[in-house]
Every structure is written in C-alpha cells, then in structure tokens.
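A.B. asks: I am attaching a structure below and will ask some questions about it afterwards.
Protein chains: 4
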Amino acid sequence: MVGKRGASVTGVTRVARQMGSKSMDAAASLPREPRTERGRRTQRAILDAAAAEFGEKGFHDSSIVSITQRAGVALGSFYTYFESKEALFKALVLDMSEQVRQLALPIVAEALDPVETELSVLTRFLEFARDHSEIYRIIDEAEFVAPDAWRAHYYGGAGRIYARIKAAKERGEIAGEVDEIHAWAIIGMNVFLGLRYGVLERDRSPAEVAAIANQLLQRGLR
Amino acid sequence: MVGKRGASVTGVTRVARQMGSKSMDAAASLPREPRTERGRRTQRAILDAAAAEFGEKGFHDSSIVSITQRAGVALGSFYTYFESKEALFKALVLDMSEQVRQLALPIVAEALDPVETELSVLTRFLEFARDHSEIYRIIDEAEFVAPDAWRAHYYGGAGRIYARIKAAKERGEIAGEVDEIHAWAIIGMNVFLGLRYGVLERDRSPAEVAAIANQLLQRGLR
Amino acid sequence: MVGKRGASVTGVTRVARQMGSKSMDAAASLPREPRTERGRRTQRAILDAAAAEFGEKGFHDSSIVSITQRAGVALGSFYTYFESKEALFKALVLDMSEQVRQLALPIVAEALDPVETELSVLTRFLEFARDHSEIYRIIDEAEFVAPDAWRAHYYGGAGRIYARIKAAKERGEIAGEVDEIHAWAIIGMNVFLGLRYGVLERDRSPAEVAAIANQLLQRGLR
Amino acid sequence: MVGKRGASVTGVTRVARQMGSKSMDAAASLPREPRTERGRRTQRAILDAAAAEFGEKGFHDSSIVSITQRAGVALGSFYTYFESKEALFKALVLDMSEQVRQLALPIVAEALDPVETELSVLTRFLEFARDHSEIYRIIDEAEFVAPDAWRAHYYGGAGRIYARIKAAKERGEIAGEVDEIHAWAIIGMNVFLGLRYGVLERDRSPAEVAAIANQLLQRGLR
DNA sequence: GATGAATGAGTCTTCATTCAT
DNA sequence: AATGAATGAAGACTCATTCAT
Chain G
1 MVGKRGASVT GVTRVARQMG SKSMDAAASL PREPRTERGR RTQRAILDAA
51 AAEFGEKGFH DSSIVSITQR AGVALGSFYT YFESKEALFK ALVLDMSEQV
101 RQLALPIVAE ALDPVETELS VLTRFLEFAR DHSEIYRIID EAEFVAPDAW
151 RAHYYGGAGR IYARIKAAKE RGEIAGEVDE IHAWAIIGMN VFLGLRYGVL
201 ERDRSPAEVA AIANQLLQRG LR
Chain H
223 MVGKRGASVT GVTRVARQMG SKSMDAAASL PREPRTERGR RTQRAILDAA
273 AAEFGEKGFH DSSIVSITQR AGVALGSFYT YFESKEALFK ALVLDMSEQV
323 RQLALPIVAE ALDPVETELS VLTRFLEFAR DHSEIYRIID EAEFVAPDAW
373 RAHYYGGAGR IYARIKAAKE RGEIAGEVDE IHAWAIIGMN VFLGLRYGVL
423 ERDRSPAEVA AIANQLLQRG LR
Chain F
445 MVGKRGASVT GVTRVARQMG SKSMDAAASL PREPRTERGR RTQRAILDAA
495 AAEFGEKGFH DSSIVSITQR AGVALGSFYT YFESKEALFK ALVLDMSEQV
545 RQLALPIVAE ALDPVETELS VLTRFLEFAR DHSEIYRIID EAEFVAPDAW
595 RAHYYGGAGR IYARIKAAKE RGEIAGEVDE IHAWAIIGMN VFLGLRYGVL
645 ERDRSPAEVA AIANQLLQRG LR
Chain S
667 MVGKRGASVT GVTRVARQMG SKSMDAAASL PREPRTERGR RTQRAILDAA
717 AAEFGEKGFH DSSIVSITQR AGVALGSFYT YFESKEALFK ALVLDMSEQV
767 RQLALPIVAE ALDPVETELS VLTRFLEFAR DHSEIYRIID EAEFVAPDAW
817 RAHYYGGAGR IYARIKAAKE RGEIAGEVDE IHAWAIIGMN VFLGLRYGVL
867 ERDRSPAEVA AIANQLLQRG LR
C-alpha cells in the first residue's frame, strides 16, 4: 500500500528538507535519497516491508533483519537508505500522516455544509482505517516511538478540522461558537471510531457508523 | 499515586482470579500475593516505581533493574512478586483501569440529566488526566504491550457509557436514537481531550474544556 | 600476571576515584566494584583473560566474547564489571602503568649514584619487559585506544626520571645541566631497548643491554 | 605532503617488487600500478586522503568510504588501486618510512664528527616530526596493523645508525666500544623526543631539544 | 576507469530471567 | 524474603569488499 504511491517518501523528504534548518536531528533522520532506479526500488521494498512488519508486530517486536528479509534485500542495504530503525519508523509515520491528510482534500473541495463535510470525511476515514489497519497501529505507536511525528500528525489534523469549522462559522453556516476544543473532540471521535469499527471489529459499515456518529454533530444527544 | 490505594492490586487480583478460568495467561500473569507485611511493602514499592518508570520512559525503555533500583529493593525481589515484565505492566493497567472506572461512579449515582452526567464525568476525567498523566501513557501503550487489558479497558468504558445513555433513553431523557456507536464517539472525544488538554498542554481548565466539548452532546455543531 | 596482584585494579579504582571529580567520563569508565567474593573472582578472571587477549591480538582484533570465553564466564558478566571494551582496556592500562611504576621504587629507595640508579632501573625494566611482553603491546596500543591513559603513563614516567636527576643534580652528583629533555631521552631509550631486546628478540641479556646502553649516560658516545 | 612527492609510492613499489619473492603477502599488497594519467591522479588522491584520515583517526576508525569521500573519488575506485585497507596502510608506511630515511642522507654525506652528525640528524628529524605529525601516528600504529613494515622501519633505522657509529669508530672518531644496543638507544631517544616535542607539545624548538639531548651522546649525564 | 548499490559476517551491547547464598 | 551475580539469546549497526552498470 505504501508502494502504491511510489513518490511519497521522496515527497516527504522534500517537504522535510524545506523545514530542515529547524533541527539537525530531523534532517539527519531523513531517508537517504537513492541515486539510481535500482536504489529506488530497494528503498521502496524496505518501506513496504517495514509497514507490514511494524503493523503486525509493533515497533519493538519488529527487527531489521526480519524487515530486510521480507523485502528480499540484504541487511546492510537497510542502512544505505535509513539512518536507524527509529528513522525508518518516523519516515513511515510522516508518509502515512500525509496519506491520511490527503483523504480529506477532495471532500473539503466540494464545499458542502460543515456537518455534511465532517460526515463525508469520517466515512472516508473509516473506509481507509478498515483497509489500512496497519497504518493505525503505526501512527498510534508513534506516540511512544516518534513523539514529534505523532504530535505533528494530530495537531495538524485537529488544526485542519478547526480551520474548516471556523471558516463555516464565518460563512454563517454554524450558529454556536466554534473552538479548537471542538476540533479535538471531533478528531478523538473519529480516531476511536476508526479503531473500533475499522480495526478491531468490522461489524458495522463505515457509512452506518459515520451516519450515526454524525448525529452528535448534527443535534447532539438530545 | 498507585501507592495511595494500597489494596488495589490485591483487589484486582481477586477480581481477576474469579475470571481466572478463562485463560492460563491471565491467571499466570497475576501478581503473586505477598504473605507478610514486609512483602506487601516490597510489592507496593515495586508497583509505584514501575508506574513512575513506565510513565516516564514507556514500556520498552523501562528496565527491571531500574525499576527495582527506584523501588529500593533487590533485582531478584521483583520475581518474587511478578511473573514477568509484561505481567507487571498488565497488573498496572488493570489497576489503573479500575481507578479510571471509579471516577464516574459517584457522578452516575447522582442521576442527573444524561448530558449533565457526561459533562461531569468528562470534567472529572480531565482533572484526573491532568494529575496523573503517567497513567495515560501506560494505558495507551497497553494497546501494544497488553492488548487484552487495553481492550478490556476501552470496551468496558464504552460499554458503561452506552449503558448510561441507553438507560436515559429508556427514561425518556433522550429523544433521538441511542447506539453503541455514540458511546465510542464519546469515549474517543474524552480520551483525546484528556490527552490534549490534560497531558500535552494544559492551557485550558478541565471545566472549560468539558463545557465547550459538551456543547456537541447538547446541540451538536449547529 | 595481572592476577598475581589481586588488589591492583581495586587499587587503581581507589586512586581514580580520588581524582574522580575531574571528569565524568573517567569516573564512569571505572571498573564496577564487585560486592561479593565471587564477583571479585569473576572480575579478576576477565582482567587476566583480557590482558592475554589484548596482548596477543591487539585491541581491535580482540573481542568481548573471546575474552569472556577465555575467562570462563558468560558474555553478559563482562558488562557487570566493565562499561565497555574501551573501559576495560583503559583499566588494564592504568593497572599496568602502576605495575611499571612500582618497578623503580625499591631501586630508587637505595639512593645510589644517579647513573647507577638508572642502570638498575633499566635492568629491572628490561627483565620485566621480557617477562611481560603483552604489557608492552597494551601500553603501546593505548596511544591510539586510550590516549589519556597513555599520556598519563609516559608523562608520569618522564616526570619521575626528571625528578630523580634533578635531585641528584641538587645533591651535586651531576655536573652538567639537567633538563626534562634528558628525561624524555632516557625514557625513549628504555622503551625502545625494552621493545627490541625484551619483546621482539631476546638475543642479549637484560643486564648486558642495560650495561652497554648505560655507557651513554656515563660518558656519552665518546 | 605525501602528494608532494608524487613518485614515491611508485618508487616504493619498484623497490618492493625486487624483494617480492620473499612473501606472497608483500607482493599481493602492493599498490596496483595505474595505467593512465587519470589513474595516477586517482591513486594519488586516495593516498593523500588516507594519510590525512589515518593520521587523524587511526587505522580502525578510518573507513574506506570516508577516505574515498575525502579523495573525491568513488568507493569502488579504491579497489582499483589497492588490494585492501591493510595494503593501503602498508603502502603508506613504506612510503613514509622512506621519507624519514631520506632525511638523514644529506647530513650523513657531510661527514661530520659522529656526535655532530647525530645532532644534525635529530634536529632534522624533530623538525620533520613537528611538521608531519600524522606520519608519526601512522608509523607508530603500524606496530599493530602492519608489523612487518613497522619492523622494517625501525630495524632499518637502527641499522643505519649502527653503521654510522661503527664507521666512525673505525675511523677512530669514537673511543669507547660501539654496539647495536647504542643504536637502539639512540633511535628510541629520537623517537620519544619527536613524539614529545614535535607531536604532543611544541614548547621547545627542535634545535634546543636536539642540543640538550645531544649532551648525553657527548658526555653522558656525568 | 569510474561508480555506488548490495552484501553479510562480525561485534558490541542490553536486559529479562534464573539461582545460589 | 532478600540479594545481586551470572546467564545468553537477541538485535542494532558497521564496514570491507564485490560487482553490475
């Protein structure tokens, strides 16, 4: 799945390089840009294998040997492209965080009513969670393994939700007040619904889950 | 903080023994009952040290040596009271899960309006999160280290919320439909608010956060 | 040979602790004091095995596994008593440096004529080099592996020689001027003679080598 | 500095090839003769980079990648010109040993009084040590990394000193007996003075150091 | 000749767990 | 019960060397 969007890690690299002056560490932990096509394939294979391995076993029970075996490359090749196990994990989190961010873009572009927008975003997100449960595990575990990347992911997500509802408020589409706190409430809701109905048990469809949960945004419990 | 309620682990032990037949693992991982007063103090010291250590460093970066040093006991004593590092962690999670459960009890007993109830529960929970951030880290990390205990914690929490709102619905205090999905939405909201405003940054008071977030349950975004 | 003077590493430890405030590093790299008799034996066995191993293969070709195997202890035991391979090496150098220092003490105490003194010291030193050639290799390699310890060793040695000849000069036993440079010349002489005639080839007896070399101190080449 | 005498490695190669039958190792470790001008420049760049790297970090902390990066050539190019890391080091030692040997030639040609000769040689050597301290490190470390080359260097050096003083003795310029042991004493003196006053601290001028040290050859301590 | 990706043996180091005292 | 020494499996990481392009 990571492999499907071959350019993404490179993309992340580019983005990170632009903000590279902020911290040596961050810059140092970026994946090393392959210089040949073969190199690109190897790096890709490692990333895909790592996503699967981390998703299944978690960070600490995953091992570099095992990842490289999965990827069908030599152990040493890992270090041609990544500084360390942590750096790989972080690269993966940044990559996945970006994927999650992409989910909402087309929906937001449709410029619906704010409650409708959040409904669609949630639906899309639940589908994604169901199809990419390993991503869940990885981003969640980042809280402990790559706290910076984890914070960036959630602060970013909450920030975007907040921006959306604030804009709606300004357009007069929301009557009550609007606060960052609402955004964190919504992201928490989404994350737990994704976890429960997308990852742990899939006993309800994404559409149904989203519709029922969305009632809270529509009219509260009342 | 664990230490303050000296009986809790023992309590948990008792509870768990009752359901002990379910799994060898569960039974095997229970803390070993101390037989003397001195033993009780040692076990307590280890539990407290472990809560601090796990809270600070996370499961994998915590070590048994370091925990026993913090506790001021010999390394070998650890295995007198716990089967393994995992068993200790699990005992801690069960213990903490129980503490969190206790938070809501007095509030629920007051039998308020359902939205009011959730408001109070959330306020209480945010206060707790602010004062016991290490518990957050431990319960969260349990998703990867002690998945059973983690599931038990959240299924339990969502289940209790669901029970509350279902009862309110039956009492006619809620107009719309009521679903387990709502319960998971609410717990997710609570957890993320606790994390954001209790653990990561404490820039808003528990009461304020709870009040603003509760607007969603009261009337949605509208 | 290290083992013969069972107390020496402990002795070094004690000495180093007294100057311990100078550098965290130095303090951190000290051998960990064993708390039981068994521990003392284990540490001793490791030190002896290490002296042999380093002496034979040099620092980089020696491995911790191999040292612990030689010592008949488990790999992990190494880290109970030493911080790292480097720390072990350094401990050994300090230990040996001390041994070398001890060589001269009884001779100096005899208070002979200065040239006689240096003759005796050299003789004694050559005997020692012949019997402990591994010490040579270790101290010499310290120039690259533990430069601090190495410098301390040679500055100390040269300093003591200088002190001896200066005192002799003050007693009127030396006519010409006396300089630190003379001390470094003498120590260099001794070291190379030890290496050539004690370690590399033993085709001349210590007494003979010392006697002939000492002619230089007695009357120069003339 | 190595680069300044571009022909030297090639020169060494020639010399070594003549005695090549002695050992497969020696023959095998010779630098591979470049066939084009471009190749010559590449080999030169590697040698210069290696001298700097080995001088700074020592043999084991130097790496081929790093050396080739310094040299501005590709990693693979290294193996076009050298058999192995050890072979490169050895080539360097032979090269430097030859440089050191060259130092004395013009002085010896002047045919002075023997003590005068050694004074001049030492002065020249101290100047050289001060200006080429990395050479010191490399030759010294050869004791452990390329023992053959190291022995050749010092046996050669001692042999030449011995030849000089023996000849002087035969010319009647030295009264006392003359022995190989004297030669080793002198070379040890020189080496340690070079290390102390040329490499470690440069607090005395080469001329002063040589003059004071030379008193020993002139009249001993007396 | 030059390049740099790929390889994998080799090492240090950590740490949960056991057990003799 | 308490102690802490001993154990060794496991895993991250390095780097000299090879080889296809």
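Chains as they are written, first to last, in my numbering: chain G, 1 to 222; chain H, 223 to 444; chain F, 445 to 666; chain S, 667 to 888. Don't be surprised by glycine CBs; every beta carbon is placed ideally from N, CA and C. Since the structure is predicted, the reported quantities are computational estimates derived from the model, not experimental observations.
What whole-angstrom Cβ distance do residue 810(S) and residue 860(S) have, given they're in contact under 8 Å?
C.D. replies: Between residue 860(S) and residue 810(S) the Cβ distance is about 19 Å, and since that is not below 8 Å, they are no contact.
A.B. asks: Identify which residue in 282(H), 437(H) and 413(H) has its Cα closest to the Cα of residue 368(H).
C.D. replies: Checked all of 282(H), 437(H) and 413(H); the closest Cα to residue 368(H) is 282(H).
A.B. asks: Whether or not the stretch 751-771 of chain S and the stretch 720-740 of chain S are in contact is what I'm after, with contact meaning three or more pairs of Cβ atoms, one per stretch, closer than 8 Å; do they touch?
C.D. replies: Yes, they touch.
A.B. asks: Assess, as a yes-or-no matter, whether the stretch 114-132 of chain G is touched by the stretch 184-193 of chain G under the definition of 3 or more beta carbon pairs within less than 8 Å.
C.D. replies: Verdict: yes, contact present.
A.B. asks: Could you work out which residues of chain F lie near residue 842(S), taking near to mean beta carbons separated by less than 8 Å?
C.D. replies: Per Cβ cutoff of 8 Å: 659, 663, 665 and 666.
A.B. asks: Could you tell me which chain F residues have their CB closer than 7 Å to the CB of residue 862(S), listed as they occur along the chain?
C.D. replies: Near residue 862(S) (Cβ distances below 7 Å), the residues of chain F are 628.
A.B. asks: Does residue 911(S) come within less than 7 Å of chain F when only Cβ atoms are used?
C.D. replies: For chain S, the structure presents residues 667 to 888; residue 911(S) sits outside this window and is missing.
A.B. asks: Quick check on the burial criterion: 16 or more other C-beta atoms within 10 angstroms. Buried or exposed for residue 838(S)?
C.D. replies: Counting Cβ neighbours within 10 Å, residue 838(S) comes out exposed, since fewer than 16 surround it.
A.B. asks: Using the Cα positions of residue 620(F) and residue 653(F), report the straight-line distance between them to the nearest angstrom.
C.D. replies: Using only the alpha carbons, I get a separation of about 25 Å.
A.B. asks: Specify, as a first and last residue, the run of the alpha helix (DSSP H) that residue 367(H) falls within.
C.D. replies: From DSSP, the alpha helix (DSSP H) with residue 367(H) extends over 355-367.
A.B. asks: Between which residues of its own chain and residue 770(S) is the CB-CB distance below 6 Å, once the five residues before and five after are set aside?
C.D. replies: Within the same chain, residue 770(S) has close Cβ partners 787.
A.B. asks: Can you tell me whether residue 837(S) is helix, strand or coil according to DSSP?
C.D. replies: Residue 837(S): coil per DSSP, three-state reduction.
A.B. asks: Using only alpha-carbon positions, find the residue among 73(G), 202(G), 123(G) and 164(G) that is nearest to residue 46(G).
C.D. replies: Selected option, being the one with the closest Cα: 73(G).
A.B. asks: Please return the same chain residues whose Cβ sits closer than 8 Å to the Cβ of residue 361(H), not counting the five positions on each side in sequence.
C.D. replies: Correct list, in chain order: 315, 318, 319, 322, 372 and 375.
A.B. asks: At a CB distance below 9 Å, what residues from the stretch 550-563 of chain F approach chain S? Give them in sequence order.
C.D. replies: Cβ contacts with chain S come from 558, 559 and 562.
A.B. asks: So residue 34(G) and residue 81(G) are in contact, right, with Cβ under 8 Å, and what is the actual spacing, rounded?
C.D. replies: At roughly 7 Å, the Cβ-Cβ gap stays under 8 Å, so residue 34(G) and residue 81(G) are in contact.
A.B. asks: For a test of the three-state rule: what should DSSP assign to residue 678(S), helix, strand or coil?
C.D. replies: Low confidence applies here, because residue 678(S) scores a pLDDT of 46, under 50, leaving its location unreliable; read the following figure in that light. Helix, per DSSP.
A.B. asks: Suppose you measure from the CA of residue 178(G) to the CA of residue 170(G); what does that come to, to the nearest Å?
C.D. replies: If you take the alpha carbons of residue 178(G) and residue 170(G), they lie about 10 Å apart.
A.B. asks: In terms of residues, what are the limits of the alpha helix (DSSP H) holding residue 874(S)?
C.D. replies: That run of the alpha helix (DSSP H) goes 872-885.
A.B. asks: To the nearest angstrom, how far is it from the Cα of residue 215(G) to the Cα of residue 435(H)?
C.D. replies: Using only the alpha carbons, I get a separation of about 15 Å.
A.B. asks: Assuming residue 578(F) and residue 499(F) form a contact by the criterion Cβ under 8 Å, report the distance between their Cβ atoms to the nearest whole angstrom.
C.D. replies: About 2 Å separates the two Cβ atoms, so the contact holds.
A.B. asks: Are any of the Cβ atoms in chain G nearer than 7 Å to that of residue 318(H)?
C.D. replies: Residue 318(H) does not count as touching chain G.
A.B. asks: Tell me whether residue 334(H) sits in a helix, a strand or coil according to DSSP, three-state version.
C.D. replies: Three-state result, residue 334(H): coil.
A.B. asks: Between residue 870(S) and residue 664(F), which are expected to be in contact by the criterion C-beta below 8 Å, what is the C-beta distance as a whole number of angstroms?
C.D. replies: Actually they are not in contact, since the Cβ atoms of residue 870(S) and residue 664(F) sit about 21 Å apart, beyond 8 Å.
A.B. asks: With C-beta atoms as the reference, is residue 642(F) less than 7 Å away from residue 581(F)?
C.D. replies: No, the pair does not count as a contact, with Cβ atoms beyond the cut-off.
A.B. asks: Which value, in whole angstroms, describes the spacing of the CA atoms of residue 334(H) and residue 298(H)?
C.D. replies: Going by the C-alpha atoms only, they are around 51 Å apart.
A.B. asks: Apart from the five residues just before and just after residue 78(G), which ones in its own chain have a Cβ nearer than 8 Å to its Cβ?
C.D. replies: Closer than 8 Å at the Cβ level, and outside the excluded window around residue 78(G), lie 46, 64, 67, 68 and 88.
A.B. asks: Anyone know if the C-beta pair for residue 345(H) and residue 428(H) falls short of 7 Å?
C.D. replies: Contact: yes.
A.B. asks: Is the beta carbon of residue 807(S) less than 7 Å from the beta carbon of residue 828(S)?
C.D. replies: Not a contact, by the Cβ cut-off of 7 Å.
A.B. asks: For a contact defined as C-beta to C-beta under 8 Å, what are the partners of residue 637(F) on chain S?
C.D. replies: Within chain S, the residues near residue 637(F) are 847, 850, 851 and 854.
A.B. asks: So, helix, strand or coil for residue 53(G), using DSSP?
C.D. replies: The answer is helix: DSSP assigns residue 53(G) an H, G or I state.
A.B. asks: Specify, as a first and last residue, the run of the alpha helix (DSSP H) that residue 254(H) falls within.
C.D. replies: Element bounds for residue 254(H): n/a, residue is neither H nor E.
A.B. asks: Compare the C-beta of residue 132(G) against all C-beta atoms of chain H and say whether one is closer than 7 Å.
C.D. replies: No, its Cβ sits nowhere closer than 7 Å to a Cβ of chain H.
A.B. asks: Report the three-state DSSP secondary structure of residue 489(F) (helix, strand or coil).
C.D. replies: In this structure, residue 489(F) counts as helix in the three-state DSSP scheme.
A.B. asks: Grouping DSSP H, G and I as helix and E and B as strand, with all else coil, what is residue 732(S)?
C.D. replies: Three-state result, residue 732(S): helix.
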